[in-house]
Amino acid sequence: MVTLRAHTAADVDGLLAFARDPETARWTRVPQPYGPADARRWIEETVPAGWRDGTAARWVVEADGRFAGSVEVHRGTPPFVGFGLVPAARGRGLMSMALRLVARWAFEQAGLPVLHWWAHAGNLASWRVAHACGFTFEGTRRMALPRRDGLVDGWFASLTPDEDMTPRTTWWPVHELVGERVRLRPHTDADVPRIVEACTDPRTRHWLATLPHPYTEATARDFVLGCRLGESLGQKVTWAVADPADDRLLANISIFRLDDPMNPTGGEIGYWAHPDARGRGVVGEAVDLVVAHAFTPADEGGLGRNRLQIGASRDNRASRRVAEQAGFALVGEVHQDGVVGVGADRTLDDGVWYELLAPRTS
1 MVTLRAHTAA
11 DVDGLLAFAR
21 DPETARWTRV
31 PQPYGPADAR
41 RWIEETVPAG
51 WRDGTAARWV
61 VEADGRFAGS
71 VEVHRGTPPF
81 VGFGLVPAAR
91 GRGLMSMALR
101 LVARWAFEQA
111 GLPVLHWWAH
121 AGNLASWRVA
131 HACGFTFEGT
141 RRMALPRRDG
151 LVDGWFASLT
161 PDEDMTPRTT
171 WWPVHELVGE
181 RVRLRPHTDA
191 DVPRIVEACT
201 DPRTRHWLAT
211 LPHPYTEATA
221 RDFVLGCRLG
231 ESLGQKVTWA
241 VADPADDRLL
251 ANISIFRLDD
261 PMNPTGGEIG
271 YWAHPDARGR
281 GVVGEAVDLV
291 VAHAFTPADE
301 GGLGRNRLQI
311 GASRDNRASR
321 RVAEQAGFAL
331 VGEVHQDGVV
341 GVGADRTLDD
351 GVWYELLAPR
361 TS
């Protein structure tokens, strides 16, 4: 449970704990350094002024009788929300409860027609709160928000009075899946150099011809962030395929099209391998793990899929071999199905499609 209340002089220490946290400095423009005088100015001047002139309504979020954070509604054009918690209060769902209370006040008492949310692209913690409260993700805008050192990309979402304050999409978790030769896990920063190595390899570039070029470490980080965002939007789940012994990235595997309205219990698997991991069976084992996870019912921690498919270029024997050894059945060939090759060698190749149905249960 949370309580929203007015700021008091006793909140100085709580504001300091919030403002001095590295995550606050990373994602917000709260002044750095931030001292007691800044906190008192906020309590005594900024907060009362917002209430007095009707521009901003700000509350303390209190939990278990302690300062947990702050939440605010800016009543300008357009109206938007802002919020933050002290480190000790995070990960408990407190801000989602607070934001729902504030949204009801904004719609029912202040008569606002919409609430907007935005954050620096990559701020998954802030997006998780907005997502839990029913905000609809509207996209990424390039260099749309200010930061201390310039402009950064922003994520944007909105909520209207007629919408339920419950998630619009399934936020798929990236469960760890462990086999004999591989461990599937979320990506880490340590994976970035090997993602670059894999995605600049000539063989990878031939078969995945739409990969960005040049493919840099920034590109790899954008790829990883896109994976996490896609999971939050119910679109896909992506794993790093790692060596259990040293955690080195060996390959990448995704199951996507999880949000296809025409096939709500289907999915498509895609994969690539780092050059030094090819021919060792690691992708095949990763596919087996993902298939088992996909066919596990959602209420048992799986994805609850009934049908999976894999597409490959007709001439990509390695990719086709993985699908066939995983038990997928060839169901058809499509002419001029996708681009392959680089530069003058780029052409349209025919595609082959495989499917696998979930085992029938009695």
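Quick note, the sequence shown lines up with residues 1 to 362 if you use UniProt numbering.
Built from N, CA and C at the ideal position, the CB exists for glycine as well.
Keep in mind that this is a model prediction, so the values were computed, not measured.
- The alpha-carbon of E217 is positioned some 26 Å away from that of S319.
- Look at M143 here: in three-state DSSP terms it is strand.
- Remark: C-beta atoms of Q309 and G284 do not approach each other more closely than 8 Å.
- By the beta-carbon neighbour count (other beta carbons within 10 angstroms, threshold 16), H187 is buried.
- E231 counts as buried, since no fewer than 16 other beta carbons sit within 10 angstroms of its beta carbon.
- Per DSSP, V61 is one residue of the beta strand (DSSP E) stretching across A56 to A63.
- Note on geometry: alpha-carbon atoms of A9 and E23 lie some 24 Å from one another.
- Judged by DSSP secondary structure, V152 falls within the beta strand (DSSP E) whose first and last residues are G150 to L159.
- Counting along the chain, the unbroken alpha helix (DSSP H) around G230 starts and ends at E217 to S232.
- With a contact defined as Cβ atoms closer than 8 Å, T160 and V114 qualify at about 5 Å.
- In this structure, the CA atom of G279 is about 23 Å from the CA atom of E355.
- Residue G304 holds the alpha-carbon nearest to the alpha-carbon of L258 among G304, T200 and S158.
- In the assembly as shown, G69 is a buried residue. Its beta-carbon has 16 or more other beta-carbons within 10 Å.
- Per DSSP, the unbroken beta strand (DSSP E) holding L330 starts and ends at A329 to V340.
- The DSSP-derived three-state label of T204 is helix.
- One Cα belongs to A98, the other to R221, and the distance between them is close to 32 Å.
- Straight through space, the alpha carbons of N252 and W239 are spaced by roughly 6 Å.
- The beta carbons of A121 and W155 sit about 5 Å from each other, so the pair counts as a contact at 8 Å.
- Per DSSP, the beta bridge partners of G84 are S70.
- Each residue's CA atom was taken as its position, placing S126 and R314 some 43 Å apart.
- Around G134, the same chain offers L159, E163, D164, M165, T166, P167 and R168 as residues with beta carbons nearer than 7 Å, after the five sequence neighbours per side are excluded.
- Here A312 carries a strand assignment [DSSP, helix/strand/coil].
- When C-alpha distances from R58 are compared across R66, A49 and G65, the shortest belongs to A49.
- Taking a cut-off of 8 Å for Cβ pairs, the region 138-156 and the region 95-109 do not touch, as fewer than three such pairs fall below it.
- At the C-beta level, W118 and T204 stay beyond 8 Å of one another.
- Separation of D191 and V174 (C-alpha to C-alpha, rounded to the nearest whole angstrom) is 16 Å.
- The residue among D247, R148, R147 and G35 with its C-alpha nearest the C-alpha of V178 is D247.
- By the neighbour-count definition (other C-beta atoms within 10 Å, threshold 16), Q32 is an exposed residue.
- For A103, the uninterrupted alpha helix (DSSP H) segment begins and ends at L94 to R104.
- Under the three-state reduction of DSSP output, L250 falls in the strand class.
- In chain order, A157, S158, L159, E163 and R168 place their CB closer than 8 Å to the CB of T136, counting only its own chain and leaving out the 5 sequence neighbours on each side.
- The C-alpha of L94 lies about 34 Å from the C-alpha of A242.
- Less than 8 Å divides the Cβ of R40 from the Cβ of V12.
- Distance from the CA of R92 to the CA of D189, rounded to the nearest whole angstrom, comes to 26 Å.
- With a cut-off of 8 Å on Cβ pairs, the region 193-200 is in contact with the region 208-217, counting three or more such pairs.
- Per DSSP, the beta-bridge partners of D349 are G338.
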